[in-house]
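K.L.:
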Amino acid sequence: MPTAHPPTSNAPNATSSDYALANEDRLGFWADQAGRLDWSEPFTEVLDWSTPPFARWFVGGRLNAAYNCVDRHVEAGQGDRVALHFVGEPAGDTRDITYAQLQAEVSRAANALTALGIEAGDRVAIYMPMIPEAVVAMLACARLGAPHTVVFGGFSADALAGRIKDCQAKLVITADGGYRRGDPSPLKPAVDTAVTSCPTVSHVLVVRRTGEPVEWTPGRDVWWHDVVAAASPHHSPEMFDSEHPLFVMYTSGTTGSPKGVLHTTGGYLVQSAYSFWAVFDHRPDDVYWCTADIGWITGHTYLVYGPLANGATQVLYEGTPDTPHKGRWWEIAAELGVTTFYTAPTAIRTCMKWGDEFPAAHDLSRVRILGSVGESINPQAYEWYREHIGGGRAPVVDTWWQTETGAHMITPLPGVRSGKPGSAMTPLPGISIDIVDDDGNSVPPGQGGYLVATEPWPAMIRTIWGDDERFVETYWSRWPGYYFAGDGARRDNDGDIWLLGRVDDVMNVSGHRLSTTEIESALVSHPSVAEAAVVGASDEVTGTAVVAFVILRDSASPSDDIVEALRTHVGQQIGPIAKPRRISIVSELPKTRSGKIMRRLLRDLAEHRTTGDASTLADSDVMAQIAADLTPSDSPT
Ligand code: WT7
């Protein structure tokens, strides 16, 4: 096991007594955290859990999420503080937006939406690039109590239409396009196609970003710069019930149709605000940067609601890390004095592969906290991140959570708990987690099991939009009273939690439990390997055979020797049982736009099936490329 990095003692926001307090009185702890927000009406009960699994948090309380994220900071004298350092992809395209400016913009947008007929409860779909108007659009919806559903700009017209239909959105907010790898990349055409099959949509509100020509449907389409700019910058926010729907975020489940995860206002905002403050140890002079797209839950909780509820100053970057060069992220971080950086392991490994010289060329001395999210971070990537981005000083917080949990659940608190490379460590104060076996009994340290939440938490999913039954069935039916997260995990002897991947990615080879994550981590710890994906292919003898797909570093070239060396290496790292049956050297891996490897598609390849639905792939040509990479020796033996 890699060695633990002890906490840095720099008078962190959260302290070890938070754990003790929350242990003694969980609901009292969350009631205290609710004090981070402004409520127009106090709540009378912290949690109503009388009809599980349907929770009501901060019962009777009333608040407005946008007011809490924007106006109250202006009223507190912070209007001149920068909320967003926007960095567009084209050179020199930057804009700083203060909290006062954000308040005026959100108010204008709210007035414009009202004029377009949007009322509390109406759904609004947002399909936008990473530009300030996307944040403004989300906050304007929140201000009006109109739940938004943000659809990632990389999704197809079909995927967009499916989501609009499922939540019956009345309005779509989009842009002509955005900039991607140096070129304008259109968005409006996908909206045009999508809405032809969506009768509920009465208007399409369009931000002009690229200036490229667009099709226009008079009466339906409206320019943002016409209606928002002309609207009044004053708007009195209405206060909503704590359980008023805030947004619906679609996420893929085990079936084909995505689930609309519903989050509501009070509980979601309390846990978002608390976790941002505690986990990123937020200070007023911090410059925070989350690289996630607003189309994902990370972009909602840790780019919009969490940081803004804390009055944070943050970076909003439109582009990719390697446009126009591979040091672009670090150049921006140095220029803006980024202190807190939050990204995904896949991005870290990509940067590792590009080389140490890119971050080394920039002054990253202000960086003091590093976050990781999306999958377990392999120890090599963790150490690289800590060393090359964090200067060996900055703690890495490996944050485990999900679209459904709404906010962080398991993560070390920097300055309070040490970090072990590869472990998400312990539940946050106020969060109750266990690891159980098939019968729902806690498993002892060292033994793998299912990760469950044993008590409700403020930011929890309230239901699947329009499908209470699927909500109960998907998350609460396996062990009554427990939320089942879909992940496998184990505790070590210190009680720290190691995530083992989705349970469907946990393989059982000859009766031994093996984690895809663990084998991938072993593979990428080899100096020749840049990225690896492991799947379990069904096998007559062993139940499951380990099959690996590997991208080599530029310095290595494919050969039978390297394949054998990698098998040996895995055998050495974990044990002979974990040695992949087959290793295919490929040039690409199939990934979703959020960077998650689509193992399902690789499993199809490994089992010589025609590959299934690949519509959520970031690059649709990848599967053909991988198939072309596979040599006859990759055929089944
Ligand atoms: C799944 C949730 C949470 C925002 C991004 C993904 C995996 C997430 C970690 C982590 C190990 C992680 C889990 C989880 N996951 N973070 N720190 N360590 N696994 O959100 O798309 O809802 O995916 O991502 O498997 O169930 P999501």
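Using the working numbering, the letters of the sequence shown map in sequence onto residues 567 to 1203.
All residues carry an ideal CB built from backbone N, CA and C; glycine is no exception.
Predicted model only: the values in this text are computed from it and were never measured.
1. If we ignore side chains and look at the alpha-carbon of each, how far apart do A577 and S984 end up?
2. D1195 by DSSP, collapsed to three states: which one?
3. According to DSSP, is Y1048 helix, strand or coil?
4. Candidates L1132, L1183, A1099 and F620: which alpha carbon is nearest R1165's?
5. In chain order, what residues of the same chain lie with their CB nearer than 7 Å to the CB of G627, ignoring the 5 residues before and after it?
6. Counting only the same chain and skipping the five closest in sequence on each side, list residues whose C-beta sits under 8 Å from that of G822.
7. Look at the Cβ atom of Y745, then the Cβ atom of T776, and state whether they are nearer than 8 Å.
8. Restricting to Cα atoms, I'd like to know which of H954, A913, F924 and R592 is closest to S931.
9. In angstroms with no decimal places, state the Cα-to-Cα distance between N630 and T867.
10. Can you give me the start and stop residues for the beta strand (DSSP E) that S661 sits inside?
11. Taking C-beta to C-beta, are T1083 and Y1048 nearer than 8 Å?
12. Report the partner residues of L771 according to the DSSP bridge assignment.
13. Would a C-beta distance cut-off of 8 Å place S1160 and A725 closer than the cut-off?
14. List the whole-angstrom C-beta distance separating N944 from P911, where the pair is believed to meet the contact cut-off of C-beta under 8 Å.
15. Do N1059 and H875 count as a contact pair if the criterion is CB distance below 8 Å?
16. Taking its Cβ as the centre, do 16 or more other Cβ atoms sit within 10 Å of E970, making it buried, or is it exposed?
17. Using only CA atoms, which one of I1128, W1064, G1067 and V1069 lies nearest to L1089?
18. Can you tell me which of the three DSSP states E1097 falls into?
19. How is T906 classed by DSSP in three states: helix, strand or coil?
20. Assuming V653 contacts E884 under a Cβ cut-off of 8 Å, what Cβ separation, rounded to an integer in Å, is found between them?
21. If you reduce the DSSP assignment to three classes, tell me which class G822 lands in.
22. With a 10 Å radius around its C-beta and 16 neighbouring C-beta atoms as the bar for buried, classify R959 as buried or exposed.
23. The ligand MG and V939: does the residue's C-beta get closer than 7 Å to at least one heavy atom of that ligand?
24. How is the beta strand (DSSP E) around D964 delimited, first residue to last?
25. Are the CB atoms of D859 and T906 nearer to each other than 8 Å?
26. Short check: CB of P1156 to CB of L1183, under 8 Å?
27. In the DSSP assignment, the alpha helix (DSSP H) including R729 goes from what residue to what residue?
28. Opposite A1019 in the DSSP bridges: which residues?
29. Quick check: the Cα distance between V1095 and R1133, rounded to an integer number of angstroms?
30. For the ligand WT7, I want to know if A1051 counts as a neighbour, meaning its beta carbon is within less than 7 Å of at least one of the ligand's heavy atoms.
31. Quick one: what does DSSP say I943 is sitting in, helix, strand or coil?
32. Less than 7 Å separating the Cβ of I863 from some heavy atom of the ligand WT7?
33. By Cβ distance, which residues of its chain are closer than 7 Å to W1042, with the 5 residues on each side in sequence left out?
34. Could you name each continuous beta strand (DSSP E) segment of 3 residues or more that falls completely within the region 795 to 841, going from the start of the chain to the end?
35. Go through its chain and collect everything with a Cβ distance to K736's Cβ below 8 Å, but skip five positions before and after it.
P.N.:
Judging by the given coordinates:
1. Within the sequence shown, the letter at position 11 stands for residue 577. Within the sequence shown, the letter at position 418 stands for residue 984. Roughly 15 Å separates the two Cα atoms.
2. Indexing the sequence shown from 1 puts residue 1195 at position 629. Here DSSP, grouped into helix, strand and coil, assigns D1195 to helix.
3. The sequence position of residue 1048 within the sequence shown is 482, counting from 1. In the structure shown, the three-state DSSP call for Y1048 is coil.
4. Counting from one through the sequence shown, the residue named residue 1165 turns up at place 599. For the residues L1132, L1183, A1099 and F620, the minimum Cα distance to R1165 belongs to A1099.
5. Sequence index remark: in the sequence shown, residue 627 carries index 61 (1-based). Contacts found: W605, E607, P608, F609, S808 and G832.
6. What you label residue 822 is simply residue 256 of the sequence shown in a count that begins at 1. Reliability fails at G822, whose pLDDT of 46 lies under 50, so the model's placement of it is uncertain and no value is given.
7. One-based indexing of the sequence shown puts residue 745 at position 179. One-based indexing of the sequence shown puts residue 776 at position 210. Yes, the Cβ-Cβ distance between Y745 and T776 is below 8 Å.
8. On the sequence shown, position 365 is the one that residue 931 refers to. When each option's Cα is compared against that of S931, the closest is H954.
9. Numbered from its first residue, the sequence shown carries residue 630 at position 64. Numbered from its first residue, the sequence shown carries residue 867 at position 301. Going by C-alpha positions, N630 is about 16 Å away from T867.
10. Here residue 661 refers to the residue found at position 95 when the sequence shown is read from its first residue. According to the sequence displayed, residue 661 carries Arg and not Ser. Per DSSP, R661 is one residue of the beta strand (DSSP E) stretching across T660 to T664.
11. Within the sequence shown, residue 1083 is the residue found at index 517, counting from 1. Within the sequence shown, residue 1048 is the residue found at index 482, counting from 1. Between T1083 and Y1048, the C-beta gap is not smaller than 8 Å, which leaves the two residues out of contact.
12. By 1-based counting over the sequence shown, the position of residue 771 is 205. Bridge pairing for L771: I739 and V788 [DSSP].
13. Working through the sequence shown from its first residue, we reach residue 1160 at position 594. Working through the sequence shown from its first residue, we reach residue 725 at position 159. No, they are not a contact pair.
14. As a first step, residue 944 must be located in the sequence shown, where it is residue number 378. As a first step, residue 911 must be located in the sequence shown, where it is residue number 345. N944 to P911, Cβ: 7 Å. Contact.
15. Residue 875 sits at position 309 when you count from the first residue of the sequence shown. Residue 1059 sits at position 493 when you count from the first residue of the sequence shown. Looking at the sequence provided, one finds Ala at residue 875 rather than His. Against a cut-off of 8 Å, the Cβ pair of N1059 and A875 comes out as no contact.
16. Counting from 1 along the sequence shown, the entry for residue 970 is found at position 404. Here E970 is buried. Its C-beta has 16 or more other C-beta atoms within 10 Å.
17. Position 523 of the sequence shown holds residue 1089. Selected option, being the one with the closest Cα: I1128.
18. Position 531 of the sequence shown, counting from 1, holds the residue named residue 1097. Strand at E1097.
19. On the sequence shown, residue 906 is found 340 positions in, with the first residue counted as 1. The DSSP-derived three-state label of T906 is strand.
20. The sequence position of residue 653 within the sequence shown is 87, counting from 1. The sequence position of residue 884 within the sequence shown is 318, counting from 1. That pair is a contact at about 7 Å.
21. The residue you call residue 822 lines up with position 256 of the sequence shown. With a pLDDT of only 46 at G822, under 50, the local geometry of the prediction cannot be trusted, and the value read off the model is given with reservation. In the structure shown, G822 sits in coil (DSSP, three-state: anything other than H, G, I, E or B).
22. Here the question's residue 959 lines up with position 393 in the sequence shown. Flag for R959 reads exposed.
23. The ligand content of the structure shown is limited to the ligand WT7, which means the ligand MG is not among them.
24. Residue 964 sits at position 398 when you count from the first residue of the sequence shown. Counting along the chain, the beta strand (DSSP E) containing D964 begins and ends at V962 to T965.
25. Sequence index remark: in the sequence shown, residue 859 carries index 293 (1-based). Sequence index remark: in the sequence shown, residue 906 carries index 340 (1-based). No; because the gap between Cβ atoms is not below 8 Å, this pair is not in contact.
26. The residue labelled residue 1156 in the question sits at position 590 within the sequence shown. The residue labelled residue 1183 in the question sits at position 617 within the sequence shown. Cβ distance < 8 Å, so P1156 and L1183 count as in contact.
27. Here residue 729 corresponds to residue number 163 of the sequence shown, with the count starting at 1. Bounds of the alpha helix (DSSP H) holding R729 are A723 to C733.
28. As a working mapping, residue 1019 is identified with position 453 in the sequence shown. Answer is I999 and Y1049, bridged to A1019.
29. Residue numbering aside, residue 1095 sits at position 529 when the sequence shown is read from its first letter. Residue numbering aside, residue 1133 sits at position 567 when the sequence shown is read from its first letter. Distance between the alpha carbons of V1095 and R1133 is about 12 Å.
30. Position 485 of the sequence shown holds residue 1051. Yes, since a heavy atom of the ligand WT7 falls inside the 7 Å radius drawn around the Cβ of A1051.
31. Residue 943 sits at position 377 when you count from the first residue of the sequence shown. Under the three-state reduction of DSSP, I943 is assigned to coil, being neither helix nor strand.
32. For the purposes of this step, residue 863 is identified with residue 297 of the sequence shown, where counting begins at 1. True, at least one ligand heavy atom lies under 7 Å from that Cβ.
33. Taking the sequence shown and counting its residues from 1, one reaches residue 1042 at position 476. Excluding sequence positions up to five before and after W1042, its CB lies within less than 7 Å of the CB of P619 and Y1049, all in the same chain and listed in chain order.
34. Note on the region 795 to 841: whole beta strand (DSSP E) runs with a minimum of 3 residues are 811 to 817 and 825 to 830, in chain order.
35. The residue labelled residue 736 in the question sits at position 170 within the sequence shown. Within the same chain, G683, I684, D688, R689, V690, T766, V767, S768 and H769 come within 8 Å of K736 by CB-CB distance, once the 5 residues on both sides are set aside.
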